[in-house]
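Read the structure below first, then the notes.
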Amino acid sequence: MFSKNRSHLLAVCNSVAEQFCPRLRPAAALSRADRRKYQLQRRRCYSSAAGKGILLQSDYGTVAVPQLNVSQFIWKDYEKWGDKPMVTCGISGKSYTFEQGRYAATRFASALINQIGLKKGDVVGLLLPNMPEYVIAIHGAIEAGIITTFVNPMYTPEEVYRQFADADVRCCVTIPELLPLLEKISPRIKNYTQTVVVNPRKVDVSKSSAIDFDQLISSHSPSNLADSNIKPSDIAVLPYSSGTTGLPKGVMLTHANLIVNLEQLHHPSMCTFVGTTDASQEITLSVLPFFHIYGFNAILNNNMRQGMHLVTLPKFTPENYLQCLIKFKPTQLYVVPSLMLFMTSHPSVKPEYLATVKEIVSGAAPSTKSLIANFKNKFYLSKITIRQGYGMTESSPCVLLTPLDAKSSKDGSVGKLLKGTEARVVSLNTGADQPAHESGELLVRGPQVMKGYWKNDAATKETIDAEGWLHTGDVAYYDDDGYFFIIDRTKELIKVKGNQCYGWEVDKKLKMFRLNEQETLIPLKRLS
Numbered sequence: 001m002f003s004k005n006r007s008h009l010l011a012v013c014n015s016v017a018e019q020f021c022p023r024l025r026p027a028a029a030l031s032r033a034d035r036r037k038y039q040l041q042r043r044r045c046y047s048s049a050a051g052k053g054i055l056l057q058s059d060y061g062t063v064a065v066p067q068l069n070v071s072q073f074i075w076k077d078y079e080k081w082g083d084k085p086m087v088t089c090g091i092s093g094k095s096y097t098f099e100q101g102r103y104a105a106t107r108f109a110s111a112l113i114n115q116i117g118l119k120k121g122d123v124v125g126l127l128l129p130n131m132p133e134y135v136i137a138i139h140g141a142i143e144a145g146i147i148t149t150f151v152n153p154m155y156t157p158e159e160v161y162r163q164f165a166d167a168d169v170r171c172c173v174t175i176p177e178l179l180p181l182l183e184k185i186s187p188r189i190k191n192y193t194q195t196v197v198v199n200p201r202k203v204d205v206s207k208s209s210a211i212d213f214d215q216l217i218s219s220h221s222p223s224n225l226a227d228s229n230i231k232p233s234d235i236a237v238l239p240y241s242s243g244t245t246g247l248p249k250g251v252m253l254t255h256a257n258l259i260v261n262l263e264q265l266h267h268p269s270m271c272t273f274v275g276t277t278d279a280s281q282e283i284t285l286s287v288l289p290f291f292h293i294y295g296f297n298a299i300l301n302n303n304m305r306q307g308m309h310l311v312t313l314p315k316f317t318p319e320n321y322l323q324c325l326i327k328f329k330p331t332q333l334y335v336v337p338s339l340m341l342f343m344t345s346h347p348s349v350k351p352e353y354l355a356t357v358k359e360i361v362s363g364a365a366p367s368t369k370s371l372i373a374n375f376k377n378k379f380y381l382s383k384i385t386i387r388q389g390y391g392m393t394e395s396s397p398c399v400l401l402t403p404l405d406a407k408s409s410k411d412g413s414v415g416k417l418l419k420g421t422e423a424r425v426v427s428l429n430t431g432a433d434q435p436a437h438e439s440g441e442l443l444v445r446g447p448q449v450m451k452g453y454w455k456n457d458a459a460t461k462e463t464i465d466a467e468g469w470l471h472t473g474d475v476a477y478y479d480d481d482g483y484f485f486i487i488d489r490t491k492e493l494i495k496v497k498g499n500q501c502y503g504w505e506v507d508k509k510l511k512m513f514r515l516n517e518q519e520t521l522i523p524l525k526r527l528s
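Numbering (full-length UniProt numbering) for the sequence shown: 1 to 528.
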């Protein structure tokens with residue numbers, strides 16, 4: 001059927017494209033060579049425009065960089081709420097209080113140094129879903145001065161191997177289900193030393209070299225911890241990101257990067273936190289993965305430093321998520337647009353399930369104005385703040401966030417610049433700075449920007465220019481009030497007869513006809 005009607009379908013697509021976007025003819029996505037040529041061209045354009053044009057600065061002033069490491073910063077107030085729950089698995093019910101978490105993390109740090117034999121600057125890998133033990137493992141490693149790289153547990157063996165080999169991983173913490181994967185790839189990883197298994201009931205660790213996570217912690221005391229002499233400029237975590245192009249690269253985020261981003265979020269215009277007391281504790285529900293920097297720093301660390309209770313799930317299922325809403329009565333939700341769409345459209349999600357919620361933060365991708373409006377209409381959200389943010393792995397991650405006083409007319413915006421952050425929006429054709437309401441590539445600069453890519457100076461120089469501007473690869477514009485709107489990705493450009501066009505331009509016109517609830521645009525090359 002498709003073969004028979006192929007020419008007709010192409011004609012229809014080309015007719016629609018030609019009608020709705022004068023620049024667009026039979027579409028062909030930019031080739032890898034074209035994207036590379038464009039990237040090199042923009043480097044020259046930006047360099048020639050250095051020191052000129054429009055520099056956008058935060059309305060909230062500068063930010064001080066605390067001279068602390070992440071452990072000192074995260075745990076400095078834990079005794080105020082030591083008996084309060086810190087993190088809970090919404091399925092198993094496994095939980096740590098702040099006091100329990102603090103001591104378990106310190107013991108794990110001691111075990112990494114004194115039993116496994118790691119030292120400051122070595123790398124440990126986490127191949128785990130969201131679970132309370134994740135918090136212990138990552139903060140134990142950080143306390144020991146050991147760099148942590150985290151991996152999506154859904155990765156294939158080759159994907160895990162590539163990241164672990166590139167990062168020089170010496171030890172990995174995982175779950176029983178993934179132990180066969182590690183046993184398959186670990187002999188190929190140079191200097192790999194040890195596998196640690198959380199809840200190893202499903203496997204017989206006596207038949208392997210793996211160590212039981214709980215036994216490892218219980219057999220060490222904090223007093224055995226060596227002085228790791230951690231500096232703010234030391235690398236704390238090594239998440240992997242594709243950046244604007246190419247294969248995933250290790251993103252070197254320092255202790256200072258992570259801490260300053262938490263400080264940027266903790267501003268009266270950006271933060272609703274009222275304080276943990278004997279009688280009160282904010283509760284956050286989030287299914288967003290800790291193996292992404294958004295889940296790790298903006299959610300997990302941000303909750304810990306404020307004494308909040310984080311309820312998390314190893315993976316999303318509608319039934320488990322709804323049960324957590326009912327059981328834990330969260331006051332704050334972290335979501336992505338697809339989760340907002342689920343709650344909006346699924347009849348099982350009742351408005352009363354969100355009765356205790358004060359704030360919803362959406363990230364990872366822009367939520368449309370219509371999605372936010374439909375969400376508000378279903379849940380009668382006159383007393384709930386819905387905010388969006390923007391960031392990337394290379395910026396620890398947060399750059400923009402909707403302030404608390406934002407009007408509903410700003411729905412769809414990803415917010416304003418966090419304190420201490422600067423931005424430019426530059427033309428994709430000339431590299432010149434764009435005025436308000438004109439789109440271009442978003443460039444950002446601030447103390448939360450990464451140290452660079454791991455063992456990849458060339459990629460670092462392509463992404464961060466000589467003046468410290470991080471080239472995000474996202475197409476954006478800002479309005480007269482300093483609110484930013486993300487509209488596309490530079491690598492999703494469609495190039496037609498030398499002209500550039502974005503899929504969103506065609507999508508916007510198609511939505512005028514209201515033919516479908518959702519649609520997708522697929523570029524097709526000319527057959528002739």
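The beta carbon of each residue, even a glycine, is placed where N, CA and C say it ideally should be.
- Item | Contact check, Gly363 vs Gly389, beta carbons under 8 Å | Yes.
- Residue environment, Ala466, which counts as buried when at least 16 other CB atoms sit within 10 Å: Counting Cβ neighbours within 10 Å, Ala466 comes out exposed, since fewer than 16 surround it.
- Excluding sequence positions up to five away, which residues of its chain have a Cβ less than 7 Å from the Cβ of Ala423? Contacts found: Leu56, Leu417, Leu442, Leu443 and Val444.
- Report all residues from its chain with a CB closer than 6 Å to the CB of Arg387; omit the five preceding and five following residues, and keep chain order. Cβ neighbours of Arg387 within its own chain (closer than 6 Å, five residues either side excluded): Val361 and Thr402.
- Message: On the DSSP letters alone, give me the boundaries of the beta strand (DSSP E) that His309 sits inside.
- Response: From DSSP, the beta strand (DSSP E) with His309 extends over His309 to Thr312.
- Item | Distance, Ala432 Cα to Pro153 Cα | For Pro153 and Ala432, the distance between alpha carbons rounds to 42 Å.
- Buried or exposed: where does Gly473 fall if 16 or more other Cβ atoms within 10 Å of its Cβ makes it buried? Classification for Gly473: buried.
- Message: If you reduce the DSSP assignment to three classes, tell me which class Tyr60 lands in.
- Response: Of the three classes helix, strand and coil, the one that applies to Tyr60 here is coil, per DSSP.
- Residue nearest to Met340 in terms of C-alpha spacing, selected from Lys327, Phe328 and Leu354: Of the residues Lys327, Phe328 and Leu354, the one whose Cα lies closest to the Cα of Met340 is Leu354.
- Item | Element boundaries [beta strand (DSSP E), containing Phe484] | Annotation for Phe484: the continuous beta strand (DSSP E) segment containing it runs Phe484 to Arg489.
- Message: Which of the three DSSP states is assigned to Met343 in this structure?
- Response: Met343 falls in the helix class under three-state DSSP.
- Task: Indicate whether the contact test is met: 3 or more Cβ pairs, each with one atom in the stretch 253-263 and one in the stretch 79-97, closer than 8 Å.
- Result: Result no; under three Cβ-Cβ pairs closer than 8 Å.
- CA-CA distance, Ile299 and Thr312? Taking the straight line joining both Cα atoms gives about 11 Å.
- Task: Give a yes or no on whether the C-beta atoms belonging to Val70 and Leu126 are separated by under 8 Å.
- Result: It is not a contact, given that the beta carbons lie outside the stated cut-off.
- What residues are listed by DSSP as bridge partners for Arg201? Looking at the DSSP assignment, Arg201 forms no beta bridge with any residue, so it has no partner.
- Message: Can you find the residues in the same chain that come closer than 8 Å, C-beta to C-beta, to Lys80, ignoring five residues on each side of it along the sequence?
- Response: Closer than 8 Å at the Cβ level, and outside the excluded window around Lys80, lie Thr276 and Gly307.
- Which term fits Leu247, buried or exposed, when burial requires 16 or more other beta carbons within 10 angstroms of its beta carbon? Exposed is the call here.
- Task: Output the distance between the C-alpha atoms of Ile384 and Leu428, rounded to the nearest integer angstrom.
- Result: The C-alpha of Leu428 is placed about 38 Å away from the C-alpha of Ile384.
- Buried or exposed by the 16-neighbour rule on C-beta atoms within 10 Å, applied to Lys455: It is exposed - the Cβ of Lys455 has fewer than 16 other Cβ atoms within 10 Å.
- Task: Identify the continuous alpha helix (DSSP H) that holds His267 and give its terminal residues.
- Result: Looking at the DSSP string, His267 is not in any alpha helix (DSSP H), and its letter there is neither H nor E.
- Item | Assumed close pair Met86, Met252 - CB separation to whole angstroms, cut-off 8 Å | With a Cβ gap of about 27 Å, Met86 and Met252 do not count as contacting.
- Query: Ordered along the chain, which non-local residues of its own chain (more than five positions away) have a Cβ less than 7 Å from that of Asp59?
  - Reply: Cβ within range, chain order: Lys416 and Gly482.
- Item | Under the three-state DSSP convention, the category Cys324 falls into | In this structure, DSSP gives Cys324 a helical state, which the three-state scheme calls helix.
- Which first and last residues belong to the beta strand (DSSP E) in which Lys249 is found? Unbroken beta strand (DSSP E) run through Lys249: Lys249 to Thr254.
- Task: Going by CA-CA distance only, name the one from Tyr134, Phe98 and Tyr240 that's closest to Phe213.
- Result: It is Tyr134 whose Cα lies nearest to the Cα of Phe213.
- Message: Given this structure, state the Cα-to-Cα distance separating Ile185 from Ala104, to the nearest angstrom.
- Response: If you draw a straight line from the Cα of Ile185 to the Cα of Ala104, it comes to about 29 Å.
- Check whether the Cβ atoms of Leu262 and Asn297 lie closer than 8 Å to each other. Pairing Leu262 with Asn297 gives a Cβ-Cβ distance under 8 Å.
- Message: Please return the same chain residues whose Cβ sits closer than 6 Å to the Cβ of Phe484, not counting the five positions on each side in sequence.
- Response: Apart from sequence neighbours up to five positions away, the residues of its chain that approach Phe484 with a beta-carbon distance below 6 Å are Leu400, Val414, Ala476 and Tyr478, ordered along the chain.
- Message: On the CB-based measure, 16 or more other CB atoms within 10 Å of its CB, does Pro222 come out buried or exposed?
- Response: Exposed: under 16 other Cβ atoms inside 10 Å.
- Message: Three or more C-beta pairs under 8 Å: does that hold for the stretch 327-344 against the stretch 99-116?
- Response: Counting C-beta pairs closer than 8 Å gives fewer than three between the stretch 327-344 and the stretch 99-116, which falls short of the contact rule.
- Ser395 to Gln434, Cα distance in whole Å? For the pair Ser395 and Gln434, the Cα-to-Cα distance works out to about 22 Å.
- How would you write the range of the beta strand (DSSP E) that Gly391 sits in, first residue to last? Counted as a single uninterrupted DSSP element, the beta strand (DSSP E) harbouring Gly391 occupies residues Thr385 to Gly391.
- Skipping 5 residues on each side, what residues in its chain have a beta carbon closer than 7 Å to that of Val160? Cβ contact annotation for Val160 (same chain, cutoff 7 Å, sequence separation greater than five): Leu127, Val151, Leu181 and Ile185, in chain order.
- Task: For Lys37, collect the residues of the same chain with a Cβ closer than 6 Å to its Cβ; drop the 5 residues on either side in sequence, then sort them by chain order.
- Result: Its pLDDT being 47, under 50, Lys37 is placed unreliably by the model, and nothing is read from it.
- Task: Report buried or exposed for Lys143, applying the criterion of at least 16 other Cβ atoms within 10 angstroms of its Cβ.
- Result: It is worth fixing the name first, because residue 143 is Glu in this sequence and not Lys. Label assigned to Glu143: buried.
- Query: Quick one: what does DSSP say His220 is sitting in, helix, strand or coil?
  - Reply: DSSP places His220 in coil when its eight states are reduced to three.
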